[in-house]
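According to our numbering, the stretch in the sequence shown is residues 1 to 286, in order. Positions of the beta carbon are idealized from the N, C-alpha and C atoms, including for glycine. Values in this document were obtained by computation on a predicted structure and should not be read as measured data.
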Amino acid sequence: MKKSTLLLGAHFSISGGLHEALLEAKKYGCNALQMFTKNSRTWKERAVSEEEIELFKKTRQKTGIKCIASHTSYLINLAAPDSEKHLLSCRALEQELIRSSALNIDFVVLHPGSLMGDGEKKGIDRISKSINDIFKRIPEISTRLLLETTAGQGTGTGHTFEQLHKMIEKINRKENIGVCLDTSHIFAAGYDIRDKFSYHRAIEEFDKITGLDRLFLIHLNDSKKCLGSRVDRHEHIGKGEIGIDAFRLIMNDRRLAAIPKIIETPKAEGGKDWDRINLRKLKLMI
Ligand SMILES: [Zn+2]
Numbered sequence: 001m002k003k004s005t006l007l008l009g010a011h012f013s014i015s016g017g018l019h020e021a022l023l024e025a026k027k028y029g030c031n032a033l034q035m036f037t038k039n040s041r042t043w044k045e046r047a048v049s050e051e052e053i054e055l056f057k058k059t060r061q062k063t064g065i066k067c068i069a070s071h072t073s074y075l076i077n078l079a080a081p082d083s084e085k086h087l088l089s090c091r092a093l094e095q096e097l098i099r100s101s102a103l104n105i106d107f108v109v110l111h112p113g114s115l116m117g118d119g120e121k122k123g124i125d126r127i128s129k130s131i132n133d134i135f136k137r138i139p140e141i142s143t144r145l146l147l148e149t150t151a152g153q154g155t156g157t158g159h160t161f162e163q164l165h166k167m168i169e170k171i172n173r174k175e176n177i178g179v180c181l182d183t184s185h186i187f188a189a190g191y192d193i194r195d196k197f198s199y200h201r202a203i204e205e206f207d208k209i210t211g212l213d214r215l216f217l218i219h220l221n222d223s224k225k226c227l228g229s230r231v232d233r234h235e236h237i238g239k240g241e242i243g244i245d246a247f248r249l250i251m252n253d254r255r256l257a258a259i260p261k262i263i264e265t266p267k268a269e270g271g272k273d274w275d276r277i278n279l280r281k282l283k284l285m286i
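Below, the structure is given as structure tokens:
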């Protein structure tokens, strides 16, 4: 496999401006990145100005960044049974898709939602219907919404490949939908990937049920929590419960070679530049 095909990056900060995430990615030698397009912990929306869009696109050209994903606000819950929360969630996702599309951001990553006491079928139906309704309101978007595999923490859904498949099946605009696979989440959800045998079994299962043709982004994170714990805690590559072998298998898996890979591991710990360490470790595996 040629090294030039690798699309690798990390989640970078937008403090100082949206374009700063691109400059930061470049500093780390990345050709892909993930970012927020607003403060992820509030409902407060943020419109992007023409100047911001211009600066962002110019910086992208200058830095040669090939793939950009934005991560949606953690507050969004498309499965929310509470109608006010649900409305806020749909509005926030709509704004995120409009913003990301204006910025030419390739992918928008979303945690599908939490059932909050409702049944699985009802929750999944609500998620798919919400996305269909949003897509109907914004027919012109160029970005692709990616449902992320989750750890299944609390009442969170999207932790089995079957659930993701069911959600996507019901979404009309297939050209605007896909999946983001997070290694630490699937592991916490119960999919073992620690050795060659279990890794291939998990990926084949994903392919059979959800489909590798629907996979557009991979989050590379080790897990602080054990297999099936349903707890979402990211750890440095090779330093958690998953261990180094799984990452070596992914980095050399031809089926996944063209898919952009992003780390969301802890950044500053013990005064070390962990993004640099984790990215370098992954590059050297190929
Ligand atoms: Zn993730």
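Check the Cα spacing between Asn-39 and each of Ile-250, Ser-70, Leu-279: the tightest is with Ser-70. Fewer than three Cβ pairs drawn from the stretch 82 to 94 and the stretch 53 to 62 lie within less than 8 Å of each other, which leaves the two stretches out of contact.
The Cβ neighbour count for Phe-36, taken over all protein chains shown within 10 Å, is at least 16; the residue is labelled buried. If you keep only unbroken alpha helix (DSSP H) runs of at least 4 residues inside the stretch 173 to 223, you get 183 to 188, 196 to 209. The DSSP-derived three-state label of Phe-36 is coil. Annotation for Glu-264 indicates a beta carbon within 7 Å of some heavy atom of ligand 1. By the neighbour-count criterion, in which 16 or more other beta carbons inside 10 Å mark a residue as buried, Gly-16 falls on the exposed side.
Excluding the 5 residues flanking it on each side, Phe-161 has same chain C-beta neighbours closer than 7 Å at Glu-205, Phe-206, Ile-209, Thr-210, in chain order.
Here His-234 is not near Ile-262, since their CB atoms are 8 Å or more apart. By the criterion of a C-beta distance shorter than 7 Å, Arg-194 is surrounded in its chain by Ile-242, Gly-243, Asp-245, Ala-246, once the five residues flanking it on both sides are discounted.
Under the DSSP assignment, Ser-130 falls in the alpha helix (DSSP H) whose first and last residues are 120 to 137. In this structure Tyr-199 is buried. Its beta-carbon is surrounded by 16 or more other beta-carbon atoms within 10 angstroms.
Judged by their CB atoms, Lys-166 and Ile-124 are nearer to each other than the 8 Å cut-off. Distances from the alpha-carbon of Arg-173 to those of Pro-139, Leu-181, Ile-203 put Pro-139 closest. Residue state for Lys-170 is assigned as coil, using DSSP reduced to three classes. When DSSP states are grouped into helix, strand and coil, Leu-8 belongs to the strand group. Taking C-beta separations shorter than 7 Å and ignoring five residues to either side along the sequence, the partners of Gln-153 in its chain run Arg-230, Val-231, Asp-232, following chain order. Residue nearest to His-111 within the set Ser-83, Arg-99, Ser-73, Ile-105 is Ser-73 (criterion: CA-CA distance).
Phe-216 has its alpha-carbon roughly 24 Å from the corresponding atom of Lys-58. Asp-222 and Lys-239 do touch by the CB rule: their CB atoms are close to 6 Å apart, below 8 Å. In the three-state DSSP reduction, Cys-90 falls in the helix class (H, G or I). At a threshold of 7 Å, Glu-96 does not count as near ligand 1, since its beta carbon sits no closer than that to any of the ligand's heavy atoms. The DSSP-derived three-state label of Glu-264 is coil.
Non-local beta-carbon contacts of Ile-141 in its own chain, meaning distances under 6 Å to residues more than five positions away in sequence, involve Leu-97, Ser-101 in chain order.
Beta-bridge analysis with DSSP links Ala-69 to Gln-34, Phe-107. A distance below 8 Å separates the beta carbons of Thr-149 and Gly-158.
For Glu-50, the enclosing alpha helix (DSSP H) covers residues 50 to 63.
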